[in-house]
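Peer 1: As given, the protein sequences belong to chains A and C, one line each in that order.
1 is the number of the first residue of the first sequence in the working numbering; add one for each residue after it.
130 is the number of the first residue of the second sequence in the working numbering; add one for each residue after it.
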Amino acid sequence: MKFLLLTGRTIRQGNAVESKLSPEYHDATSACFMTPFDMMDAGLDEGDAAEVKGPGGRVVLTVRADEHLPPGHIFLPYGPYANQIITPETHGTGMPDYKAVSVEVGPADGGPVSVWDLMEAMGGVPYHP
Amino acid sequence: MVCPYCACLCDDLDVTIEGNRVTGVDNACDLATHKFQTGNRLPGPIRLTGKGWTGIGREEALDFTVEMLLDADRPLIYGWSTTSVEAQSHGIHIAEEIGGVIDATTSVCHGPSILAIQEVGHPGCTLGQVKNRADVVVYWGCNPLEAHPRHLSRYTTYADVRKTESANVADEFLHLKPGGDYAVLGALRAIVRGKTDFIPAHVAGVPKAQFLRIGEICKGAKYGAFFFGVGLTQTAGKYKNIRNAIELVDELNRHTKWTLTPMRGHFNVYGFNEVCTWATGYPYAVDFSRGMAFYNPGETTAVDILARKECDACLVVASDPGAHFPRAAVEHLASIPVVQIDPMVNATTAFCDVQMPAAVTGIDAEGTAYRMDGVPIRAKKILDLGYPTDSAILGEIYRRIRDERKVREVKGT
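1. Taking 9 Å as the CB-CB cut-off, is M473(C) touching chain A?
2. Tell me the DSSP secondary structure of W209(C) in three-state form.
3. If you run the structure through DSSP and keep just helix, strand and coil, what is H304(C)?
4. Checking contacts by CB at 9 Å: is P36(A) closer than that to chain C?
5. In whole angstroms, what separates the C-alpha of G250(C) from that of A276(C)?
6. Got a sec, what are the start and stop residues for the beta strand (DSSP E) F401(C) sits in?
7. Does DSSP classify T285(C) as helix, strand or coil?
8. Please state the DSSP three-state secondary structure of M197(C).
9. Restricting to runs no shorter than 3 residues, where is the beta strand (DSSP E) found entirely within the stretch 230-274 of chain C?
10. Drop a sphere of 10 angstroms on the beta-carbon of N149(C), count the other beta-carbons inside from all chains shown, and report buried for 16 or more, exposed for fewer.
11. Could you check if K99(A) is buried or exposed, using at least 16 other CB atoms within 10 Å of its CB as the buried criterion?
12. Do A245(C) and K369(C) count as a contact pair if the criterion is CB distance below 9 Å?
13. Consult DSSP for I223(C) and reduce its assignment to one of helix, strand or coil.
14. Taking only beta-carbon positions, decide if D27(A) is within less than 9 Å of chain C.
15. Which residues of the stretch 203-236 of chain C have a Cβ closer than 9 Å to any Cβ of chain A? Give them in chain order.
16. For L377(C), which three-state DSSP category applies?
17. Using 9 Å as the threshold, is the C-beta distance between G168(C) and G184(C) below it?
18. In the DSSP assignment, what residue or residues form a beta bridge with E147(C)?
19. Who pairs with W182(C) in a beta bridge, going by DSSP?
20. Under 8 Å between beta-carbons, which chain C residues line up against M97(A)? List them in chain order, please.
21. Under the DSSP definition of a beta bridge, which residues are partnered with G57(A)?
22. Can you look up Y527(C) in the DSSP assignment and give me helix, strand or coil?
23. Should F417(C) go down as buried or exposed, given a rule of 16 or more other Cβ atoms within 10 Å for buried?
24. Quick check: I146(C) and L435(C), are their CB atoms within less than 9 Å of each other?
25. What does I175(C) touch in chain A if you count any residue whose Cβ is under 9 Å from its own?
26. Using 9 Å as the limit for Cβ to Cβ distance, is L61(A) near chain C?
27. Check whether the Cβ of V113(A) lies closer than 9 Å to any Cβ atom in chain C.
28. Which of helix, strand or coil does DSSP assign to H26(A)?
29. Along the alpha helix (DSSP H) that carries E120(A), what are the first and last residues, could you check?
30. Listing by chain order, which chain A residues have their CB less than 7 Å from the CB of P455(C)?
31. Quick check: is the beta carbon of F356(C) nearer than 9 Å to any beta carbon in chain A?
32. Less than 9 Å between the beta carbons of A190(C) and W209(C), yes or no?
33. I'd like to know if the stretch 39-51 of chain A and the stretch 99-114 of chain A are in contact, where contact means that at least 3 CB-CB pairs between them fall below 8 Å.
34. Checking contacts by CB at 9 Å: is E51(A) closer than that to chain C?
35. Inspect the CB distances between the stretch 268-275 of chain C and the stretch 401-420 of chain C and report whether three or more fall short of 8 Å.
36. Quick one: measure Cβ to Cβ for C137(C) and R279(C), integer angstroms, because I've assumed they're closer than 8 Å.
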């Protein structure tokens, strides 16, 4: 199903932003918020894994209900998960499109990978003390 | 003391310290309390070698950084939003010395706001004026309850594409369609100018009757304050949305007093714009490769340089592009040498060759930061944890770069 993606700050993401490898940060940033009606249409339940495909790539997230969103929209907190589907095109301004991005959402197997796994998939080397 | 989390720079926090540890924080929001109590500091410098991560000494970390920056043809220096203006000043000197590009997190938050301000000016004010004088406050494209929790002391109108908790406490909620900001701001401008006949029944989902009502509220204010967030800067139209907001405020000033302030995010992201403007004439995204300061957002901004795979080395200071840049931009970091100066292990650590921990400005380092309204405030040092400050590390890197350049000039290398 097609949706319009919005990204933004949340207090849970902000609280954990200094602890990027914590379970709190993982949970706060790997969520995909949708209205309960949209969840029903897409065949998704609270806590299900969903794959979000956008112009910059794809990512698996955990579905969370948010009845305040407008229908047809999903909301992703700022962070490495949202950035998997954002393109670096800035239209000559330096600023990528983080709002009102057209994406596709559907059921997925498994669940969101860890922040380190995301970084490793981009060529990074996780730090383990 | 001063809070080192967001650009509100709340200066009335009471922090309790026992045994060189923060045990209590009063008057703070949830975000600040978490920052004061975060304890996952990187103990010392680390380096990635063929055998994995190893701890190294500070001398080795500094030598690696100096050599990396001097050997690069197109070095990028990025970050700066959670450190002091003193450290930012050293960063700009380093960029000039090595002919590199320096950019700040501004380019992915309120860079478009600055572009609009450069076109049509900034009708600003201090937060003190808003607190003491404003009788109408508009928040547009921001969610202060989650991003700037203590900002919300007065409230009337709220405009956004999501009905957030912030919207629930507003007297009016303008619920507009995503990407409709420019049109809605334009409709409000027309109404304030008295051109109501031009407005259709709905604009971007907002009914005309609400426009008329809000127009009257705004014109009837004794002192109005317009705050806006990245909901305007990160959506289609970018800086043109802000230009329309500034011109709405201009229009309102023909009737009464109105001001406009960007809701800047990190606690000293505005400071970088101030320091960079004093030093170079430009607020961010400055390229010294021509031997002079050159500024062209879209070309000299960090996301664009990384996405074009243009830079061949990167120094990251007090930010985390690994978590906050689009995937294609981050992937380039994996193919070039990267040094990070940051107190914590973060997503960018995975792309580093070397990371040096520094003291956190406002907790174990003092330093000056600029509040979102442009007021400089001195943040105190309240703990002594033995880490060097960003300013000390960057000052030393600058000194060694100058010395090494002289040595290389003598050798002719």
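Cβ coordinates follow ideal geometry from the N, Cα and C atoms, glycine included.
In this text the structure is predicted, and so the values were computed from the model without any measurement.
Peer 2: Looking at the coordinates:
1. Judged by the 9 Å Cβ criterion, M473(C) is in contact with chain A.
2. In the structure shown, W209(C) sits in coil (DSSP, three-state: anything other than H, G, I, E or B).
3. Strand, per DSSP.
4. Look at P36(A): its C-beta is not under 9 Å from any C-beta on chain C.
5. Whole-angstrom Cα-Cα distance: 26 Å.
6. F401(C) -> not in any beta strand (DSSP E); alpha helix (DSSP H) instead, spanning V398 to T409.
7. The predicted position of T285(C) is uncertain, since its pLDDT is 47 and thus under 50; no value can be drawn from it.
8. For M197(C), the three-state secondary structure derived from DSSP is helix.
9. Along the length of the stretch 230-274 of chain C, whole beta strand (DSSP E) runs at least 3 residues long occupy 230-233 and 265-269, reported in chain order.
10. Classification of N149(C): exposed, given that the 10 Å Cβ count is below 16.
11. Classified as buried, K99(A) has 16 or more neighbouring CB atoms from the shown chains inside 10 Å of its CB.
12. The Cβ atoms of K369(C) and A245(C) lie closer than 9 Å to each other.
13. It is helical.
14. No, because no Cβ of chain C sits closer than 9 Å to the Cβ of D27(A).
15. Residues passing the 9 Å Cβ filter: D232, T235 and S236.
16. In the structure shown, the three-state DSSP call for L377(C) is helix.
17. No, Cβ-Cβ distance for G168(C) and G184(C) is not below 9 Å.
18. According to DSSP, E147(C) shares a beta bridge with R150(C).
19. According to DSSP, which records beta bridges pairwise, W182(C) is partnered with L177(C).
20. With the sequence shown as reference, residue 97(A) is identified as Asp, and Met is not the correct amino acid for it. Neighbours of D97(A) on chain C, chain order: Q363, T364 and A365.
21. DSSP, once it has assigned bridges, lists G54(A) as partnering G57(A).
22. Three-state result, Y527(C): helix.
23. So F417(C) ends up on the buried side.
24. Going by C-beta atoms, I146(C) is not nearer than 9 Å to L435(C).
25. What I175(C) touches in chain A: Y127 and P129.
26. By this cut-off, L61(A) is not an interface position.
27. No, V113(A) does not count as interfacial toward chain C.
28. Residue state, collapsed to three classes: helix.
29. From DSSP, the alpha helix (DSSP H) with E120(A) extends over V115 to A121.
30. From the beta-carbon of P455(C), the residues of chain A found nearer than 7 Å are G56, N83, I86, T87, P88 and P96.
31. Chain A, which has no Cβ nearer than 9 Å to the Cβ of F356(C), makes this no.
32. A190(C) places its beta carbon 9 Å or farther from that of W209(C).
33. Cβ pair count under 8 Å is three or more, so yes.
34. Output row for E51(A): interface = no.
35. Per the Cβ contact rule, the stretch 268-275 of chain C is not in contact with the stretch 401-420 of chain C (fewer than 3 Cβ pairs under 8 Å).
36. Contact holds; Cβ gap of about 6 Å.
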